[in-house]
Structures are given as C-alpha cells and as structure tokens.
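Asker: Take any residue in the sequence shown, note its place counting from 1, add 9, and you have its number in this note's numbering.
I have a structure here, written as structure tokens, and I will follow up with some questions on it.
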Amino acid sequence: MVDLVASAPARSGAAPRTPLMWLGLVAAALLSTALSWFTADRLAQVVRVEADEKASSDPYAFEQLNAELIRVNSRDAGARYAALGGVTGLVFAVLGLALGRKPVAGMIGVVTGVVIGAAVGWATVQKLYPSLYEMERDPAAVQIHLIILGHWAMWGGAGLAAGLGYAWGAGRFKALPWTILGGVFGVGSVGLLYELIIPMIFPTLPDVSHALPEEFIARLIIWIAVPLGAAIGIGAALSLGNGSPPKPPSLAMGSDPVSPNPSA
C-alpha cells in the first residue's frame, strides 16, 4: 500500500514553486535597490580619497593626472558596486532564510552573500576601471564586446551573490548551481538589453556610463535592473528544476516491498 505521506506538500527547504516565491524575489530585488543605493553613497564617502594636488595642478602632466583620476574614481565606483553586490547578497539570503527556515544555513548564507557580493564588486571595478576610463575619454577606443563583458563581470557579482545567498540561506545546497547560474545569467541578460535599448532612449548618455556610474540616470537604471535581473534568473532556474528530483512514493510497513506486477 502506498504511504499517503508521500503525496503531502514538500517539507521546509523544498523549492517554493508558487507565486509566493516570485513575490518574494521581486520584493527582494526592489529592497536591494533601495538599501544598496543608500549604502553605496555612505560607503563611497568612507573610502573616498583626494587627488594629489601636485598632479592635479599641472595641466601638462597628463599621465599623472589620468593616473590620479583613475585612482580616485576607481575607489568611488568600487565602493558603489561593492555595496550593490553585498546588499543584494544579503537581502536574497534573508529571503532564502525566511522561506527555508534553517537558521544555521541561513546565517552562513547571509555572511557568504555579503562577502562574495562585496568582494567581487570591488575587485572587478579595480581590474576593469582603467580600460573603461580610457574608453570614456576616447570614444574611438570603445569596443562593444568589452563593454558587454564589463556587464557580466561588474554586474555579475550581484547576481552571483544573490543566487548563492538565496540557496544557501534556504539550506538548499543541491539548488546552488542552478540559482548561481540563474542569478549570473539573469544579470547578464539585463546587461544585453541595457546595451540594446538604453542608447536609443538616451542617445546622449556616455557609452560606458553603465560601468562608471557617474550619470544619475544610468546609475538609477542599473540599481533597479541588476537585482531585478538576478531575481528573474533565480526564479526561472528554480521553476525549470533545481537538480533534486522528487522522491518516489514510499511503501507502508507491512506491505510487500517487491511487486512484480506494476498493476498490482
């Protein structure tokens, strides 16, 4: 006799394939936008450094001036992307904790999401900022494929942190590869759409303003689109499958464990 418990709803920690999951993901994305916007300004003020007066005052020291501008601006941009990645990882991990209700895994997910998101956001900016700065200074040097890769690298930290934090926070370790890929590809897809659509809507916006968030409009769009893209990617990944197929029905005690006839 088939145990009726097998047909009961999934236990805590299973993938919440319901509108509640999507509602939570979208809410987490919007909350990430608001909190990371506030945090980015505060963190940028903490790490801000002043340009060297000697290099800034010499109008003919172009190399020194550019080096100083890169040093100063990369810290500002790095702080902002560290805030975006860290806060997004935090919020999505808290969402996973609320849905999975596994305190230990949830706290580990929170810490991991914050650290990974902030570290990737900061490191990618420090690595890519000089090249992007040169593209901004010289429009002839703009290479669209490098800008798209910049999307995936600099924005992807938030998607990685969101996917990692969400699954780990919920204690669903088998779903980690799916949620991470979903978060990263969701953000990457948003980056491609940004590159195709935004130049038509705002033709005067600098080509690399998405990577150097100095323009208010560009920064606002990024801060909304990146967490939302991560949420859509994670939700789609969980809806398509998370690597943990449903368990087969168990057999009640006292029943025949082997049934040669499937119709029996």
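Even glycine gets a Cβ: it sits at the ideal position worked out from N, Cα and C.
Being a predicted model, the structure only gives us computed values, none of them experimental.
Quick check: the Cα distance between Gly180 and Met30, rounded to an integer number of angstroms?
Answerer: 15 Å
Asker: Give a yes or no on whether the C-beta atoms belonging to Gly115 and Gly126 are separated by under 9 Å.
Answerer: no
Asker: Using 8 Å as the cut-off, can you tell me whether the segment 194 to 204 makes contact with the segment 138 to 145, which would need three or more C-beta pairs spanning the two stretches below that distance?
Answerer: no
Asker: Which of helix, strand or coil does DSSP assign to Thr27?
Answerer: coil
Asker: Considering Cα atoms alone, identify which of Asp147, Ala246, Lys136 is closest to Gly159.
Answerer: Lys136
Asker: With distances taken between CB atoms, is the gap from Tyr83 to Pro236 smaller than 9 Å?
Answerer: Contrary to the premise, residue 83 reads as Ser rather than Tyr in this sequence. Not closer than 9 Å, so no.
Asker: Could you tell me if Thr48 is buried or exposed, where buried requires 16 or more neighbouring beta carbons within 10 angstroms of its beta carbon?
Answerer: buried
Asker: How would you call Arg51, buried or exposed, if buried means at least 16 neighbouring beta carbons within 10 angstroms?
Answerer: exposed
Asker: Name the two residues that bound the continuous alpha helix (DSSP H) containing Arg110.
Answerer: Taken as a continuous stretch (DSSP letters only), Arg110 belongs to no alpha helix (DSSP H), as it is neither H nor E.
Asker: Work out the CA separation of Phe225 and Gly118 for me, nearest whole Å.
Answerer: 32 Å
Asker: If you drop the 5 nearest sequence neighbours on each side, which residues of the same chain put their C-beta closer than 7 Å to that of Ala246?
Answerer: Trp187, Thr188, Leu190, Gly191
Asker: With DSSP as the reference, label Gln54 as helix, strand or coil.
Answerer: helix
Asker: Could you give the first and the last residue of the continuous alpha helix (DSSP H) run that contains Ala184?
Answerer: No alpha helix (DSSP H) contains Ala184, which DSSP labels as neither H nor E.
Asker: Spatial neighbours of Ala38 within its chain, please: CB distance less than 6 Å, with the 5 preceding and 5 following residues excluded, ordered by chain position.
Answerer: Pro236, Leu237, Ala240
Asker: Compare the Cα-Cα distances from Ile231 to each of Gly195, Trp164, Ala184, Ala171 and report the closest residue.
Answerer: Trp164
Asker: If we count the other Cβ atoms within 10 Å of its Cβ and call it buried at 16 or more, is Pro28 buried or exposed?
Answerer: Pro28 is exposed by the Cβ-count criterion.
Asker: Going by Cα to Cα distance, which pick from Val124, Gly33, Leu229 is closest to Val167?
Answerer: It should be noted that the sequence gives Ala, not Val, for residue 167. Residue Val124 is the option with its Cα nearest to Ala167.
Asker: From Ala227, Ala162, Ala53, pick the residue whose C-alpha is nearest to that of Thr133; which is it?
Answerer: Ala162
Asker: How long is the line joining the alpha carbons of Leu229 and Gly130, rounded to whole angstroms?
Answerer: 17 Å
Asker: Got a sec? Which residues, its chain only, sit under 8 Å from Leu185 by beta carbon, not counting five neighbours each side?
Answerer: Gly172, Leu173, Ala176, Trp177
Asker: Alpha carbon to alpha carbon, how far is Val103 from Val120? Give it in angstroms, no decimals.
Answerer: Answer to the nearest angstrom: the Cα atoms are 10 Å apart.
Asker: When the distance is taken between beta carbons, is Leu34 closer than 9 Å to Phe101?
Answerer: yes
Asker: Compute every distance between the C-beta of Ile117 and the non-hydrogen atoms of the ligand GTP, then say whether any falls below 8 Å.
Answerer: Absence of the ligand GTP is noted for the structure shown, with no ligands found whatsoever.
Asker: In or out: Asp147 buried (at least 16 other Cβ within 10 Å) or exposed?
Answerer: exposed
Asker: Quick one: give me the first and last residue of the alpha helix (DSSP H) that Ala240 is part of.
Answerer: Where Ala240 is concerned, the enclosing alpha helix (DSSP H) stretches over 225 to 249.
Asker: For Gly98 and Ile157, what's the separation of their Cα atoms in angstroms?
Answerer: 22 Å
Asker: Here's the rule I'm using: 16 or more other beta-carbon atoms within 10 Å means buried, otherwise exposed. How should Arg89 be labelled?
Answerer: So Arg89 counts as buried.
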